[in-house]
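Note that the UniProt record's numbering numbers the sequence shown so that position 234 is 234, with each residue one more than the last.
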Amino acid sequence: MSHEMHHFDLGLWVLFLAYGTSIAGSFVGLSCARRAATTPLGPTRWRWLVMAALSIGGVGIWMTHFIAMMGFAVPGTIIRYDPMLTILSAVIAIGATLFGLWLVDLRALAGRPILDRSALLIGGAVMGVAVSLMHYCGMAAIRIRGELSHDPVLTAASVAIGIGASIAALWLVRTAFIRATRLLGALVMGCAVAALHYTGMAGVHASLDPTATMPEGATLLDLMLPAYIFGTIILAAPLVALVLARQSADTEVDEAIATWSAEINDAVPYPGDRGQEATAELDTRRDVPRRPADPLRKGDVQVVPHERVR
Numbered sequence: 001m002s003h004e005m006h007h008f009d010l011g012l013w014v015l016f017l018a019y020g021t022s023i024a025g026s027f028v029g030l031s032c033a034r035r036a037a038t039t040p041l042g043p044t045r046w047r048w049l050v051m052a053a054l055s056i057g058g059v060g061i062w063m064t065h066f067i068a069m070m071g072f073a074v075p076g077t078i079i080r081y082d083p084m085l086t087i088l089s090a091v092i093a094i095g096a097t098l099f100g101l102w103l104v105d106l107r108a109l110a111g112r113p114i115l116d117r118s119a120l121l122i123g124g125a126v127m128g129v130a131v132s133l134m135h136y137c138g139m140a141a142i143r144i145r146g147e148l149s150h151d152p153v154l155t156a157a158s159v160a161i162g163i164g165a166s167i168a169a170l171w172l173v174r175t176a177f178i179r180a181t182r183l184l185g186a187l188v189m190g191c192a193v194a195a196l197h198y199t200g201m202a203g204v205h206a207s208l209d210p211t212a213t214m215p216e217g218a219t220l221l222d223l224m225l226p227a228y229i230f231g232t233i234i235l236a237a238p239l240v241a242l243v244l245a246r247q248s249a250d251t252e253v254d255e256a257i258a259t260w261s262a263e264i265n266d267a268v269p270y271p272g273d274r275g276q277e278a279t280a281e282l283d284t285r286r287d288v289p290r291r292p293a294d295p296l297r298k299g300d301v302q303v304v305p306h307e308r309v310r
């Protein structure tokens with residue numbers, strides 16, 4: 001028999017915190033992915049892809065799930081977590097995101113169209129299934145005084161949402177050219193990740209066993225501090241890299257403008273020796289005898305003596 005469960009035991013603020021976290025991670029990740037797309041092939045390009053995967057997979061997906069679990073409670077039992085399975089769920093989320101980004105980036109380097117359908121479908125399917133696996137790996141880490149089971153229909157629905165969200169994420173990586181588009185994409189991805197989580201949680205059923213021993217493992221608060229430090233570093237490093245890259249690009253633009261200005265100044269005459277040479281050349285040309293213009297001859301221009309035009 002299914003036991004009562006609470007998904008917002010601490011209040012709805014947990015939902016908004018999880019959603020905001022997903023938006024932040026997705027936005028930073030999309031920005032890094034876009035930077036990777038404009039970087040020449042090499043180690044720097046890979047670093048941008050890894051930072052994008054850490055931001056989207058580590059913060060936008062895994063941290064969202066982790067924060068949302070703060071509101072999960074089952075009256076009549078304490079809840080503990082297996083640390084190793086919790087860490088494994090984070091690795092799955094980051095690895096799946098990196099694979100999807102790599103696949104889309106590989107197709108782009110091969111000269112494929114921006115919206116390569118096969119890359120989107122294959123990458124989105126693999127990434128979506130892996131993200132769903134992350135969710136249920138995290139659920140498998142939960143220890144209660146009893147057992148948790150999952151509704152197969154809602155489980156399938158959450159996997160479908162995960163695939164759809166992954167396809168949307170990969171599509172946004174190749175199309176989010178401006179900041180406003182990336183922000184809109186982050187809002188959509190946040191909704192998709194939250195929908196995946198709570199659809200899966202709606203299919204969870206708890207069966208308590210009063211005779212079972214008390215669950216062992218880490219409390220959620222035990223894991224929150226390392227997770228918070230992990231998420232802060234993941235977001236801080238790409239943000240600093242993005243700011244430095246922007247400053248470097250601005251410096252290059254300024255240097256290019258200065259070079260172009262110098263070349264233009266060298267090409268355009270200015271007062272001084274060059275101005276005197278240009279004036280002397282014009283005077284020489286004025287001294288060349290000219291044939292009087294014939295008004296009846298095509299192509300000749302008749303010079304009218306200087307007088308006031310009435």
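For each residue, glycine too, the CB sits at the ideal point set by N, CA and C.
Nothing here was measured: the structure is a model prediction, and the numbers come from that model.
Beta-carbon separation (whole angstroms), residue i vs residue j, contact threshold 8 Å
i, j, result
"G71", "L10", "5 Å"
"G58", "I94", "5 Å"
"A96", "L154", "So it is not a contact: roughly 21 Å between Cβ atoms."
"I92", "M63", "Actually they do not touch by this definition, with Cβ atoms about 14 Å apart."
"L196", "I161", "5 Å"
"H7", "Y198", "7 Å"
Burial state of residue i, where buried means 16 or more other Cβ atoms lie within 10 Å
i, result
"R117", "exposed"
"T219", "exposed"
"Y81", "buried"
"L12", "exposed"
"L121", "exposed"
"T21", "buried"
"V253", "Below a pLDDT of 50, predicted positions are generally treated as unreliable, and V253, at 49, falls in that range; no measurement from the model is reported."
"G42", "exposed"
"residue 315", "Nothing in the structure corresponds to residue 315, since the chain is present only between 1 and 310."
"R246", "exposed"
"A180", "exposed"
Spatially closest choice to residue i from the options, by CA coordinates
i, options, result
"F99", "S166, A160, C137 and R35", "S166"
"G25", "L12, T232 and E147", "T232"
"M139", "V173, F66 and A160", "F66"
"A241", "A227, S31, A90 and F8", "S31"
"H150", "V159, H205, V173 and A141", "H205"
"M189", "A141, F16 and F27", "F27"
"L244", "P43, W48 and G20", "W48"
"G124", "L208, L172, A180 and A194", "L172"
"I87", "P226, L239, P210 and R179", "P226"
"residue 323", "A53, M84 and L208", "Nothing in the structure corresponds to residue 323, since the chain is present only between 1 and 310."
"S89", "L208, S55, C137 and R179", "C137"
"I56", "F16, A180, L221 and L170", "L170"
"G29", "L85, A68 and L101", "L101"
"M224", "M69, Y19 and R35", "M69"
"I163", "A141, P152 and V126", "V126"
Residues near residue i by beta carbon distance below 7 Å, same chain, minus five either side
i, result
"A237", "M51"
"V193", "S22, G60, I61, T64 and A165"
"L183", "F27"
Same chain, Cβ closer than 6 Å to residue i, five either side skipped, listed in chain order
i, result
"M5", "V74 and A206"
"G217", "R80, Y81, D82 and R143"
"R274", "Residue confidence for R274 is low, a pLDDT of 49 falling below 50, so the modelled location carries little weight; the figure read from the coordinates is stated next. None."
"A18", "T64, I67 and A68"
Sequence-distant residues of its chain with Cβ nearer than 8 Å to residue i (five each side left out)
i, result
"V159", "G128, V129 and S132"
"residue 311", "It is not possible to answer for residue 311, since the shown part of the chain is limited to 1 through 310."
"T39", "R45 and W48"
"L208", "H3, V74, G76, T77, I144, R145 and G146"
"L239", "V28"
"L85", "C137, G138, A140 and A141"
Would you list, in sequence order, the uninterrupted alpha helix (DSSP H) runs of no fewer than 4 residues that lie entirely inside the segment 41-127? Within the segment 41-127, the complete alpha helix (DSSP H) segments at least 4 residues long are 43-53, 64-68 and 83-109, listed from N- to C-terminus.
At what residue ranges does the segment 197-251 contain a whole run of the beta strand (DSSP E), taking only runs of 3 or more? 204-208
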